[in-house]
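Student:
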Amino acid sequence: MISLKRLLSEQAVVLKPIQPEESDFGPGYDSSYVKGEEKYMEILVPVNTKVGEIQYGETDPESIEIISIYLDKDHRGKGYGPQAINALVEMLNLKQIIALPSASSKPFWRRIGFGPMQGDPRYFIKQFK
Ligand SMILES: CC(C)(COP(=O)(O)OP(=O)(O)OC[C@H]1O[C@@H](n2cnc3c(N)ncnc32)[C@H](O)[C@@H]1OP(=O)(O)O)[C@@H](O)C(=O)NCCC(=O)NCCS
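Going by this note's numbering, 112 is the number at position 112 of the sequence shown; the sequence numbering is gapless.
(1) Among Lys129, Asn93, Ile98 and Val13, which has the Cα closest to the Cα of Leu44?
(2) Assign Val47 to buried or exposed, taking buried as 16 or more other Cβ atoms, counted over all protein chains shown, within 10 Å of its Cβ.
(3) Once you ignore the five residues that flank Glu62 on each side, which residues in its own chain have a CB closer than 8 Å to its CB?
(4) Give me the Cα-Cα distance between Glu22 and Asp120, rounded to the nearest whole angstrom.
(5) How about Lys39: is its Cβ closer than 7 Å to a heavy atom in ligand 1?
(6) Measuring alpha carbon to alpha carbon, tell me which of Leu88, Tyr40 and Thr59 ends up nearest Phe25.
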């Protein structure tokens with residue numbers, strides 16, 4: 001059953017592109033499918049409150065690898081992570097996302113519909129078109 005907390009935070013998330021030097025992330029991992037530069041989004045909730053960040057890069061047209069998604073501890077478990085992914089899909093008109101999950105984040109990725117990528121099951125993948 002959907003919780004009231006979840007319902008109230010529904011569609012609360014806004015993404016804002018930021019420059020690499022504005023990011024809180026340190027360097028990402030080496031092994032990645034990203035071509036070109038890494039990009040960053042702040043995850044914001046009303047009113048203009050930063051709750052986390054996404055670091056990603058293009059892998060193919062309309063396809064990205066999420067290098068990192070991070071929410072501040074106080075803002076986890078409210079559905080902002082899944083909302084941020086949905087917002088990114090809409091904003092960039094994506095057909096595919098891949099991500100290299102940590103052991104502890106695999107259940108999160110599975111819960112939002114990702115599964116192991118054929119040929120490289122270290123990575124998780126989801127198609128959107
Ligand atoms: C991972 C992260 C982005 C998830 O965002 P979030 O908004 O806290 O996600 P939610 O708690 O709303 O989880 C979405 C769903 O996945 C499930 N889920 C999340 N983590 C889970 C876990 N470890 N085990 C089982 N289920 C999990 C939730 O129960 C929820 O399911 P529901 O819709 O049935 O309630 C966030 O917790 C975070 O920033 N963690 C620290 C950094 C990290 O691990 N990043 C990922 C690796 S790059």
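No residue lacks a Cβ here, since even glycine has one placed at the ideal position from N, Cα and C.
Tutor: Let's see:
(1) Val13
(2) exposed
(3) Leu92, Asn93, Leu94, Lys95, Gln96 and Lys129
(4) 32 Å
(5) no
(6) Tyr40
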